[in-house]
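Please read the structure below before turning to the comments.
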């Protein structure tokens, strides 16, 4: 186990460039073609399906009273898994349960496999059986595809550290910290954790909060104070050594996520999976 991101398995084995991620997904598409999947709309790479998977993890987490860090780890497992395996090869609902189960153990908040299985079945009775060994089998499959690298470094710690460093110039209010934290939660519905270091994602959440959200949330604040605060943040980020191109890319992807969320069709995703797993026609 590594407490340092820079020497972690995450950075050494699971941090990809955009090009490397696209190459990995191209291999998955080739697998799908060999399986005879040629014209399906179901893809784990689709933005709407990412939102659907994000929702599944959050839903099961609420039933288990799991901490957000556990759910974040589970979502990273899912993102890594689907960079190698087609969604057409697995029962997504069982896989979600297995990822949450493994994440609970990794984050030292273990849940009994029967509890996870029971809660998953109560939510998705069509897709999860009474038999917890199905989740156990999926756990081994998951571990193999992840190369047993399970420790995940998240942006939450970086958010707290950056906030402390900023406190002399741009003090974040409680509402702003919560907003930045929520943006990090939302970022797991994107590819950011596969491509960028945690501290860059944290910095992007602060930038979006101070520059884009706060002026709208507090319209009575004098414009000159808003500008001065933004200028101080920009100076801090420029001096911090954080890759500003990467930060800008994170901001761009988060904005695209929120735009996509506006037209997200949850039922459409549900029906595509129903057709895949049960052979039912979308309706």
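Residue numbers (this note's numbering): 310 to 592.
Cβ atoms here follow ideal geometry from the backbone N, Cα and C, with glycine treated the same way.
Item to complete: Measure from the C-beta of residue 513 to each C-beta in chain C and report whether the shortest distance is under 9 Å.
Response: Reference to chain C is not applicable here, since this structure consists of a single protein chain.
Practice prompt. Indicate whether residue 447 and residue 407 have their beta-carbon atoms separated by less than 9 Å.
Written response: yes
Fill in: Start and end residues, alpha helix (DSSP H) containing residue 548
532-549
Practice prompt. For residue 479, I'd like the list of residues in its chain whose CB is within less than 8 Å of its CB, leaving aside the five on either flank, ordered along the chain.
Written response: 519, 538, 541, 542 and 545
Item to complete: With residue 410 as the anchor, note down where its alpha helix (DSSP H) starts and where it stops.
Response: 401-415
Worksheet item: Buried or exposed: where does residue 565 fall if 16 or more other Cβ atoms within 10 Å of its Cβ makes it buried?
Response: exposed
Worksheet item: Is the beta carbon of residue 492 sitting closer than 9 Å to the one on residue 513?
Response: yes
Worksheet item: Is it right to say residue 347 is buried, meaning 16 or more other beta carbons lie within 10 angstroms of its own, or is it exposed?
Response: exposed
Item to complete: Compute the Euclidean distance between the alpha carbons of residue 522 and residue 324, then round it to the nearest angstrom.
Response: 29 Å
Practice prompt. Taking all protein chains shown into account, decide if residue 474 is buried (16 or more other Cβ within 10 angstroms of its Cβ) or exposed.
Written response: exposed
Discussion item. Looking only at its chain, what residues have a beta carbon closer than 8 Å to the beta carbon of residue 344, apart from the 5 residues adjacent to it on each side?
Written reply: 395, 397 and 398
Worksheet item: residue 577 by DSSP, collapsed to three states: which one?
Response: helix
Item to complete: Output the distance between the C-alpha atoms of residue 402 and residue 433, rounded to the nearest integer angstrom.
Response: 7 Å
Worksheet item: Apart from the five residues on each side of it in sequence, which residues of its chain come closer than 7 Å, Cβ to Cβ, to residue 505?
Response: 555 and 559
Worksheet item: Taking the alpha-carbon positions, what's the residue 476 to residue 561 distance?
Response: 26 Å
Discussion item. What would DSSP say about residue 381, mapped onto helix, strand or coil?
Written reply: helix
Worksheet item: Should residue 534 be labelled buried (16 or more other beta-carbon atoms within 10 Å of its own) or exposed?
Response: exposed
Worksheet entry | Residue interval of the alpha helix (DSSP H) (run including residue 513) | 507-516
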